[in-house]
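These notes are about the structure you will find just below.
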Amino acid sequence: MKLKHYILVCIALILSINGFAQQGKQKRADTLFNKFSFVKAAKVYRELIQNNYNRDYATRQLADCYALLRDPRNASRYYKSVVKQDNVPVEYYYKYAQSLRGMKKYDDSREWLQTFKDSGGVVNSNDFSKDLNFITSVFNSKQQYFLDKVRFNSKYSDFGAFEKDGQVYFASARDEGVAVKRVYGWNEQPFLDIYVAKAGTRRNVNYTAKLKGDVNSIYHDGPAVITKNGKTMYFSRNNYKDQVEEKDSKGLTNMKIYRATLRDSIWTDVEDLSINNADFSTQHPALNNDDTKLFFASDRPGGYGGSDIYAVDIHTDGTLGEPENVGPVINTDQADGFPYINNEGTLFFSSAGHVGLGLLDIFATIKGEEAKADEVVDVINLGVPINSNKDDFSFTMNPNGITGYFASNRPGGRGDDDIYAYHRKPVLQVEGVVSDAINSKPIPNSVIELINSKGEKVAYMTTDKNGFYQINIDRNQDYKIVASQKKYIDDYRTFTSKNLQTELTSITANLLLNPVPDVIKLAELNTIYFDFDKHYIRPDAALELDKIVDLMLNVYPEMVIRIESHTDSRGLLSYNDKLSIDRANSTYDYLVSKGVKAERITEHQGFGERRLTNGCEDGQKCEEKDHQLNRRTQFIVIKME
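Going by the numbering used here, the first residue of the sequence shown is number 582, and it counts up by one from there.
And the structure:
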C-alpha cells in the first residue's frame, strides 16, 4: 500500500510539475507575442498545442501570429479550427474571412463575413462583401500595368523603392556582408536600412550600398522620400536618436519621421519633427509636387481606426503645421498607409480596409470635377497585376509617369517582401468639342458614336454642357467618330491610334456641325397671309404663327427672327406702306402675346408693294389668288443658337 501511495504521489507531482511547466511556457509565449516576437511566439504556441495545454487559447494565439506575420495560408489553417470552438469571440469569424481572402477563396470569405455579421459583428461599408461583382470586375478589366524584373531583391524584406537622379533608393533588411546582424523580433529578420543603387542595376546590392551618413541606425530606418532639389530627406525610423532609444508607456518603441540634410554628399543633421510622439507611430513619409506638404501614416489618437493617412504643411522656414487627417473617403477603420503623390497630384496609398483582392491593396484617389476639383470623392483599386491576394504596398511612380515600383510578399518572389518594377500603358482617350459651324459655339447633348474599322459601334455618349466628350479607346486601332444632334447635320472624323508613343494619353477630334437649313423650312411653311385691305390675323395665319411660337419657345429657345410684311399692288403706294406696317405690327403683337420675348424679334418692318413675289404690278391683270400671294408676312431667322 505504501508503494502504491508513493507511486500516486509521484505521478501527481510529475503532473503538477508538468502543469507548472506548461503554464510557464504559455506565459513565455504571451510575453513574446506582446513584444511582437511572433516567429518565436508561434513556435511556443505550437508546442502548447502539441502538449494539449489550453489548446483553444493557444490555437487562437497561433492563428493571430500567422495573421500578423502576413501568412494567410497558415493563419486560415488555424482560424479554421478556431471558428469551431465553443463561445469563440465573433471577431475570429472576421479574421478567418480575411485570411481566406488572402488565399483567393473569395466565396468562402464572403460566407464567413456573413457569419460574422449574423453573429452581431459590424461589416465596414468599404468591405468587399458589399460589392459582389468586385473580384470579377477587377480580374476582367483591361490591363494597364505590366511587371518588369528587379534584380536587386534579397531573401529578406525589400520595399519602398523610388528613383531620384538615376539612383534607386529603397529600404531593406538584407544587411548582407555584415558578420553580426541585429534581428527584429517580430519576424526574426535584420532591422531595416536605407540603400541606394544605380537604377536598373543587375548586380547584387550588399551593405556597401547603404546610404552614406547618419540616416541609418541600429534599428529600423526607411522608407524615405527626397525633395525635388535633392537636398532634404524625410525618412521613417524607430524612436532612436543620439544613441538613445525611447519607449512608450507599454515599453514599445514606436516609429517617427526624421529629416536629414545632404552636405558634401553625406546625409547628416538628422532632426526630430514636431509631428512625432513617443506614444504612437508616425511613418511612411511622402511629399506633394512642390514639397509644401508632408503626407504620412500614423496610429495617433483621433483617427478612424488602425493607421490613417495625414497631411501637414511644410513652412518656408522648415517648421511644420498641424497634421490633418485626409478624411474618411481615404481612411478606414483598418490599416491605411504608404501614401505617394505623383506629378498629377493623385494620391496613391495602401489599405486593408477598402474593397480589395487580399490583405493590403494599392489604391488611387479620384478627385471631383470643377467646383470639387481638389476634393477626393472616391478611391479606385489598381487591380491586377499591381494587387494580389497578399500584401501590396509602397507604390511609387517615376517622373515619366510610365514606370515605377511597388512591393509585395506574393508567391514567386525572392524573399519576404520584394520590390517589383512596372511599366504602364496609360489609358488612351479620344476627346474633343462639338461646335456650331456657323457661330463656333459648343453644342451640348450631341450624340457621339465611336465606330471601329469593322463598322461596329463600340461606344457612345452625349456631350456635356460645354460640348465636350471623352471616350476610352484601344491602341493600334482605326476609328471613326460621329456626332449628331437633331438640329444639325451629322459630322464625322476618322483617326487612328496606331504607332503612338506610350506617353500619349489623348487624341483630339473636334467636330463641327452645320445647322439644318430651317430658314428655308420656316419661309415655306410659316408665311402668313392677309385679306385685301386688312391687317388682322386670320385663323389660318394664327395656326402658322402658333407653330413659330412653339419653335421659338420649345425647340430653339435662343432663336432670333425678323418680321417682314407686304401688300399687293392695288392702291396708292403710301397707303400700302402704312398697311404693310400695320400687318407687321399685328404679327409682332401676336407673337409677343404668346410668350415670345420682344428682344428676340429684331425688327418688324413693312415694305408695302415694293417686294412683289410675282408680276402682278400696277396695270397688270391678275387673278385674286395671285394678289393673295403678295399680301403676306415672312420670317427671317437671324440666329439659331
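Don't be surprised by glycine CBs; every beta carbon is placed ideally from N, CA and C. In this text, all values refer to a predicted model and were calculated from it rather than measured experimentally.
Determine which residues share a DSSP beta bridge with residue i and list them.
i       : result
SER1016 : PRO1023 and LEU1093
SER989  : ASP973 and ASP999
SER1087 : GLN1010
TYR891  : PHE877 and ASN906
ALA1064 : ILE1029 and ASP1072
SER931  : GLY918 and ILE943
SER817  : ILE838
HIS1185 : ILE1144
VAL702  : According to the sequence provided, residue 702 is Gly. The question's Val does not apply to it. Answer is none; GLY702 lacks a bridge partner.
GLN1215 : GLU1145
GLU1190 : Per DSSP, none; premise fails for GLU1190.
ILE1109 : THR1214
ARG1005 : TYR726
LEU901  : ILE895
Near residue i, what residues of its chain come up, given a Cβ to Cβ distance below 7 Å and the 5 sequence neighbours on each side ignored?
i       : result
HIS865  : PRO804, SER817, PHE877, ALA878, GLY918, PHE919 and PRO920
ALA1185 : What sits at residue 1185 in the sequence shown is His, not Ala. ILE1144, ALA1165, ASN1166, THR1168 and TYR1169, listed in sequence order.
LEU1193 : SER1150 and ASN1211
GLY994  : ASN734
MET1133 : MET1140, VAL1177 and ARG1181
SER798  : ARG818 and TYR821
Taking only three categories from DSSP, how would you classify residue i?
i       : result
LYS1220 : strand
ASN655  : helix
ILE948  : Residue identity check: residue 948 is Lys in the sequence provided, not Ile. Looking at LYS948 - three-state DSSP - the assignment turns out to be strand.
LYS828  : coil
ASN1135 : helix
ARG641  : helix
ASP845  : coil
ASN979  : coil
ARG1143 : strand
VAL958  : strand
HIS1208 : helix
GLY803  : strand
GLN1201 : coil
SER710  : Confidence in SER710 is poor, its pLDDT being 49 and thus under 50, which makes the residue's placement unreliable; the coordinate value appears in the next sentence. Correct three-state label for SER710: helix.
TYR788  : helix
LEU649  : helix
THR612  : helix
GLN1058 : coil
TYR660  : helix
LYS822  : strand
GLY794  : strand
In chain order, what residues of the same chain have a beta carbon less than 6 Å from the beta carbon of residue i, not counting five sequence neighbours either side?
i       : result
ASN869  : ILE922
ALA916  : GLY887, SER888 and ALA933
GLU1125 : ASN1107 and ILE1109
LYS621  : LEU613
SER690  : ALA678, LEU681 and ARG682
VAL759  : The pLDDT assigned to VAL759 is 47, lower than 50, so where the model puts this residue is not dependable; a value taken from the coordinates is nonetheless given after this. Counting only Cβ-Cβ distances below 6 Å, and skipping sequence neighbours, we find TYR788.
SER1087 : GLN1010 and GLU1012
VAL806  : TYR815, PRO866, ALA867 and LEU868
How far does the beta strand (DSSP E) with residue i in it reach, from first residue to last?
i       : result
ARG546  : A query on residue 546 cannot be resolved here, the shown segment of the chain reaching from 582 to 1222 and no further.
LEU868  : 863-868
PRO1120 : No beta strand (DSSP E) holds PRO1120; the alpha helix (DSSP H) holding it covers 1120-1131.
LYS779  : 774-779
GLN748  : 748-753
GLN724  : Where GLN724 is concerned, there is no enclosing beta strand (DSSP E), given that its DSSP letter is neither H nor E.
ALA1040 : 1038-1043
ASP739  : 739-745
TYR1050 : 1049-1054
In chain order, what residues of the same chain lie with their CB nearer than 8 Å to the CB of residue i, ignoring the 5 residues before and after it?
i       : result
ASN1250 : This structure cannot settle anything about residue 1250, because the visible part of the chain is limited to 582 through 1222.
LEU589  : Caution applies to LEU589, whose pLDDT of 48 falls short of 50 and renders its modelled position unreliable; the value that the coordinates give is listed next. So the list is empty, once near-sequence residues are dropped.
PRO992  : LYS971
SER855  : THR900 and LEU901
Name the two residues that bound the continuous alpha helix (DSSP H) containing residue i.
i       : result
GLU1154 : The displayed chain sequence assigns Leu, not Glu, to residue 1154. First-last of the alpha helix (DSSP H) with LEU1154: 1154-1174.
VAL620  : 619-631
ALA678  : 672-683
LYS698  : 687-699
**Request:** Could you tell me whether the segment 736-746 touches the segment 804-814, where touching means 3 or more Cβ pairs closer than 8 Å?
**Result:** yes
**At least three beta-carbon pairs within less than 8 Å, the segment 989-1009 to the segment 722-734** = yes
**Request:** Take every Cβ of the segment 1076-1083, pair it with every Cβ of the segment 1054-1066, and state whether three or more of those distances are shorter than 8 Å.
**Result:** yes
**Item:** Validate contact between the segment 1140-1159 and the segment 1199-1219 using beta carbons, cut 8 Å, 3 pairs
**Value:** yes
**Asked** Three or more C-beta pairs closer than 8 Å, one from the segment 1195-1206 and one from the segment 1173-1183: is that the case here?
**Response** no
**Message:** Does the structure place the segment 632-651 close enough to the segment 670-680 that three or more beta carbon pairs sit under 8 Å?
**Reply:** yes
**Prompt:** Below 8 Å, can you find three or more Cβ-Cβ pairs linking the segment 937-946 to the segment 873-892?
**Reply:** no
**Request:** Evaluate the contact criterion for the segment 955-962 versus the segment 1060-1068: three or more CB pairs, one atom per stretch, below 8 Å.
**Result:** no
**Message:** Counting beta carbon pairs with one atom in the segment 1065-1075 and one in the segment 1026-1036, are three or more of them shorter than 8 Å?
**Reply:** yes
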